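Here the structure is laid out as structure tokens; the discussion comes afterwards.
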């Protein structure tokens, strides 16, 4: 994994030329059977940071770095040169059964988006919530209650298969720069024996580590760990 | 009619001519007369040598005159027919009466066949039997399963569940052995329901020159009847399997009529549909779909509602036994890369299903994710490396995994898994599958139902976009049934979202069947789901790489079960009929009460090598709870095949649990069921089988009669040449035909002369 981080840091992925995307363009990759990183576009552009709305934080560097790592170390065949940004009511969302939603603390939804996510998850989709602090948990819970009124967020422990689907994650005792991370999940039918349909990294920001993994701003070990969680999430989402 | 005409012209029955010997009884006077005829002939020739008329006219007149003289000459030599005739009351006659249920069919002038039999053969004081009794000592037998003596009319019950013509003939022949028997008379509809051929019985009769005179009772075509002719069902099925069964219907008198075809599982209706009947004489195959949800031996009844005016309603239903197994059957799914196709196929099979899809996903080089394993050691070293390990699974799915990921021995093992073990193989489309995955020329390319050509592969990065539909052959299988009925299923296929494929297949194997085709963007048709049998097993190729779109696509409702149903049905087909280490078979699922059932079991070791030194026992539990251990022995001919015959007493279900051990260690066990019950075969193809009865008669030197022309039967039987006989000489010169010929020729000569002006 350290090697993988070094690949990125060493410039094999020279994304320095990648300009900050004009997220209003909503880039969409044409589905061709390959896995694509799908970033969910939500709500109003509140909380702009680096001229980007919250859901677009760390885009596009995090997305592309992560896909490159995924391709290098697993047999997943991702789209490297293209990503996807879609709203939850976009019919094309269904073609990419793993979605990533950044900054759910600022998440707001229309009825159509709530219905879109509900159908997506019930049919077999999987969503990752990242980049938010503990005090944003409540908004995440509120929004998900709107999507699935009966859904219950449950803390995940290390024994869950998602932490062993590719890398053997040894500990969940992780401190990010938001503070001590917490892993939460929603199970199908709220049954822990069934598959996870949503995972949330509360008080953590995997995307931040992915984005800056080639810059030296972040410790290599922490970047590696962030990639490990991301890779496990994707492999879990493709096998469970 | 023919007989009456024959007798009118020849004054004797055809039998006398067929049995008799032709002779002349010439006397001295005959030779004197012959001289006179010769002189007359010479004078005739001389007279017509020249004279009036043209040459042709003279030749014709001379010919007529010579013909007249020849007939007179033959008559003067006293032609005789010498025939051996039975001495009255000195010979025995065996009369065999069909006492089976089919004789109750009312197609003899609106009356049951049985009524005719009772009228004519019920007592020796009336009908045909009286005529026979006047000439012979008659021994009457009734037969269905086996012949037995009958002495009074009330013995005939017409309730037998079988008509074993061969057994009846052989039995009566043996019963009358040593007696002077003139012949046998068999009264039947000719419907032989026995498994054994008639040939053996006929050979025995021919060897003794014992003729059989047969009387065919009933119509050769029923005027109004509907019949469920044939139902093809699997012998075993996994609980929850949806079956697509072909029901063959035939009818007469109901062309184009709509009827209801129901399927009952032990009395519970599991399927009903309206069917338009085919034209008379053209059987129609109707696909019927239903799900078996109850475990155990299940009797499925396929039934057409009886229609007004039907002559036989007992043949409107057929029964079939299916052993529905409630057990877990494991499918190994080896996927070469994490991908959604894997996830959604596994997800299509619920946890509580009888199918277990054990997943082995290669997530990276030498890194595997295992799912659905029973023990911590299962697949711990990745894909099985021994036959014992691989053959423990019933079917195998290979996903997007290149051939190079498997060793040569593993590829051969997979070939043997299908060929020898009888397992099912399914290869899924993907970037690393089929020819694109390097399988051309490997032992797997032989197994797969498609032709792999390494020179015709998809370019990397290209993808075909296709809409998928069943073929005509595919539409007749359960796997393509996506709706409640045929129309709903077709509509569902029409509205399913498109899929993509990255494998090019232009050709399927000669014995393969294409079940689904895809239409690509250039409107070209490409095979998408292909099936073939290979050795003892079967193989499938499924080309789309993302059937999961049928689950996730925005156009698919959340509660839609299309994707789940498709994969459940396909995987059930994949494991259907895959043998166990101990695999029982029965000659027939039903035996007549009191008969023995023949049980066979194939016994193999974990590598599916046949075992001839196993100890095999069948523990048979009867319907009355009686338990008996029946040892099964190797038949000495077929490797690994053990047989036993199991007697039956009580009516009902019998369960046979077969246990095989070798050197004190268990090899395996299996359970099968059969039942002792009267059969209903009597009412199927219940027309009068004239061809069978005619064959029996002609092969043995007898004659075939219909009820309307049995008047000559008693006389005909006198000339079989068997038993105590006397020689009869029948003069032929005074046959009416002789006089008619002479008068005719004389009149012809006179008429001809008038016409040509020579009178």
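Chains as they are written, first to last, in the numbering used here: chain F, 1 to 240; chain C, 1 to 759. By construction, the Cβ of each residue, glycine as well, lies at the ideal position given by its N, Cα and C atoms. Just so you know, these numbers come straight off a predicted model, no measurement behind them.
Assign residue 78 of chain F to one of three DSSP states: helix, strand, or coil. The residue labelled residue 78 of chain F in the question sits at position 78 within the first chain. Strand at residue 78 of chain F.
Are the C-beta of residue 212 of chain F and some C-beta of chain C separated by less than 7 Å? For the purposes of this step, residue 212 of chain F is taken as the residue at position 212 of the first chain. With 7 Å as the cut-off, residue 212 of chain F does not count as an interface residue toward chain C.
Is residue 622 of chain C near residue 601 of chain C, with beta carbons less than 7 Å apart? Along the second chain, read from residue 1 onward, the residue named residue 622 of chain C stands at position 622. Along the second chain, read from residue 1 onward, the residue named residue 601 of chain C stands at position 601. No; because the gap between Cβ atoms is not below 7 Å, this pair is not in contact.
Counting only C-beta atoms, is residue 123 of chain F closer than 7 Å to chain C at any point? Position 123 of the first chain, counting from 1, holds the residue named residue 123 of chain F. So, interface residue.
Give the DSSP-derived three-state secondary structure of residue 641 of chain C in the structure shown. As a first step, residue 641 of chain C is located in the second chain; it is residue number 641 there, counting from the start. Strand.
When DSSP labels each residue in this structure, what does residue 364 of chain C get in the three-state scheme? As a working note, residue 364 of chain C is residue 364 in the second chain. Residue state, collapsed to three classes: strand.
Given this structure, state the Cα-to-Cα distance separating residue 638 of chain C from residue 644 of chain C, to the nearest angstrom. Locating residue 638 of chain C in the second chain gives position 638, counting from the first residue. Locating residue 644 of chain C in the second chain gives position 644, counting from the first residue. Their backbone Cα atoms lie some 14 Å apart in a straight line.
Confirm, please, whether the CB-CB distance from residue 213 of chain C to residue 695 of chain C is below 7 Å. Within the second chain, the letter at position 695 stands for residue 695 of chain C. Within the second chain, the letter at position 213 stands for residue 213 of chain C. Their beta carbons are not under 7 Å apart, which means residue 695 of chain C does not touch residue 213 of chain C by this criterion.
Limits of the unbroken beta strand (DSSP E) element including residue 216 of chain C: Here residue 216 of chain C refers to the residue found at position 216 of the second chain. Run containing residue 216 of chain C: 212 to 216, per the beta strand (DSSP E) assignment.
Residues in the region 57 to 81 of chain F with C-beta within 7 Å of chain C's C-beta atoms, listed in sequence order? 73, 74, 75, 76 and 77
Can you give me the Cβ contacts of residue 21 of chain F inside the same chain, cut-off strictly under 8 Å, excluding the 5 residues immediately before and after it? Within the first chain, numbered from 1, the residue matching residue 21 of chain F stands at position 21. With a pLDDT of only 46 at residue 21 of chain F, under 50, the local geometry of the prediction cannot be trusted, and the value read off the model is given with reservation. These residues qualify, in order along the chain: 27, 56, 59 and 60.
In the structure shown, what three-state DSSP assignment does residue 9 of chain C receive? For this step, residue 9 of chain C is matched to residue 9 along the second chain. Note: residue 9 of chain C maps to helix in three-state DSSP.
Would you say residue 147 of chain F lies against chain C (beta-carbon separation less than 7 Å)? If you number the first chain from 1, residue 147 of chain F lands on position 147. It does not; no Cβ of chain C falls within 7 Å.
Counted within 10 angstroms of its Cβ, other Cβ atoms place residue 201 of chain F as buried (16 or more) or exposed: In the first chain, the residue the question calls residue 201 of chain F occupies position 201. It counts as buried.
Simplified DSSP assignment, three categories, for residue 16 of chain F: Translated into positions along the first chain, residue 16 of chain F becomes position 16. With a pLDDT of only 33 at residue 16 of chain F, under 50, the local geometry of the prediction cannot be trusted, and no value is derived from it.
Cross-strand partners of residue 318 of chain C (DSSP beta bridge): One-based indexing of the second chain puts residue 318 of chain C at position 318. In DSSP, residue 318 of chain C forms a bridge with C:302.
Determine whether the Cβ of residue 33 of chain F lies closer than 7 Å to any Cβ atom of chain C. What you label residue 33 of chain F is simply residue 33 of the first chain in a count that begins at 1. True, the Cβ-Cβ gap to chain C drops below 7 Å.
Note the first and the last residue of the continuous beta strand (DSSP E) segment covering residue 262 of chain C. Sequence index remark: in the second chain, residue 262 of chain C carries index 262 (1-based). First-last of the beta strand (DSSP E) with residue 262 of chain C: 258 to 265.
Residue of C:421, C:116, C:229 and C:231 minimising C-alpha distance to residue 390 of chain C: By 1-based counting over the second chain, the position of residue 390 of chain C is 390. The residue with the shortest Cα to Cα distance from residue 390 of chain C is C:421.
Taking all protein chains shown into account, do 16 or more other C-beta atoms lie within 10 angstroms of the C-beta of residue 266 of chain C, making it buried, or fewer, making it exposed? Position 266 of the second chain, counted from the first residue, corresponds to residue 266 of chain C. Burial call: exposed.
Are the Cβ atoms of residue 187 of chain C and residue 138 of chain C separated by less than 7 Å? What you label residue 187 of chain C is simply residue 187 of the second chain in a count that begins at 1. What you label residue 138 of chain C is simply residue 138 of the second chain in a count that begins at 1. No. Outside cutoff.
Coarse secondary structure for residue 155 of chain C, derived from DSSP in three states: For the purposes of this step, residue 155 of chain C is taken as residue 155 along the second chain, with counting starting at 1. Three-state DSSP puts residue 155 of chain C in a helix.
Any chain C beta carbon closer than 7 Å to residue 236 of chain F: For the purposes of this step, residue 236 of chain F is identified with residue 236 of the first chain, where counting begins at 1. For residue 236 of chain F, the answer is no, since every Cβ of chain C falls outside 7 Å of its Cβ.
Kindly indicate if chain C contains any beta-carbon less than 7 Å away from that of residue 94 of chain F. Taking the first residue of the first chain as 1, we reach residue 94 of chain F at position 94. For residue 94 of chain F, the answer is yes, since a Cβ of chain C falls inside 7 Å of its Cβ.
Indicate whether the contact test is met: 3 or more Cβ pairs, each with one atom in the region 232 to 240 of chain F and one in the region 84 to 93 of chain F, closer than 8 Å. no
Decide if the region 199 to 215 of chain C is in contact with the region 448 to 462 of chain C; the criterion is three or more beta carbon pairs, one per stretch, under 8 Å apart. no
Interfacial residues, the region 311 to 336 of chain C to chain F, with Cβ spacing under 9 Å: 335 and 336
What is the rounded straight-line gap between the Cα of residue 468 of chain C and the Cα of residue 396 of chain C? In the second chain, counting from the first residue as 1, residue 468 of chain C sits at position 468. In the second chain, counting from the first residue as 1, residue 396 of chain C sits at position 396. Straight-line Cα distance between these residues: approximately 24 Å.
State the DSSP-derived secondary structure class of residue 113 of chain F, mapped to helix, strand or coil. The residue labelled residue 113 of chain F in the question sits at position 113 within the first chain. Note: residue 113 of chain F maps to helix in three-state DSSP.
I need the straight-line Cα distance from residue 148 of chain F to residue 203 of chain F, nearest angstrom please. Position 148 of the first chain, counted from the first residue, corresponds to residue 148 of chain F. Position 203 of the first chain, counted from the first residue, corresponds to residue 203 of chain F. One C-alpha to the other measures close to 23 Å.
Alpha carbon to alpha carbon, how far is residue 317 of chain C from residue 766 of chain C? Give it in angstroms, no decimals. Outside the displayed span of chain C (1 to 759) sits residue 766 of chain C, for which this structure offers no information.
Quick one, which residues of the region 366 to 387 of chain C are near chain F if we go by CB-CB under 9 Å, in chain order? Against chain F - using a Cβ distance shorter than 9 Å - the residues of the region 366 to 387 of chain C are 367, 369 and 371.
Compare the C-beta of residue 21 of chain F against all C-beta atoms of chain C and say whether one is closer than 7 Å. Counting from 1 along the first chain, the entry for residue 21 of chain F is found at position 21. Note that residue 21 of chain F has pLDDT 46, beneath the 50 cutoff, so the model's placement of it is unreliable and no number is given.
When the Cβ atoms of the region 127 to 145 of chain C are set against those of the region 78 to 98 of chain C, are three or more pairs found closer than 8 Å? At 8 Å Cβ cutoff, the stretches touch.
Residue 236 of chain C: contacting residues in chain F (beta-carbon distance under 9 Å): Position 236 of the second chain, counted from the first residue, corresponds to residue 236 of chain C. Per Cβ cutoff of 9 Å: no residues; residue 236 of chain C is ~31 Å from chain F at best.
Rounded straight-line distance, which links the Cα of residue 634 of chain C to that of residue 255 of chain C: Against the second chain, residue 255 of chain C aligns to sequence position 255. Against the second chain, residue 634 of chain C aligns to sequence position 634. Approximately 52 Å, taken between the alpha carbons.
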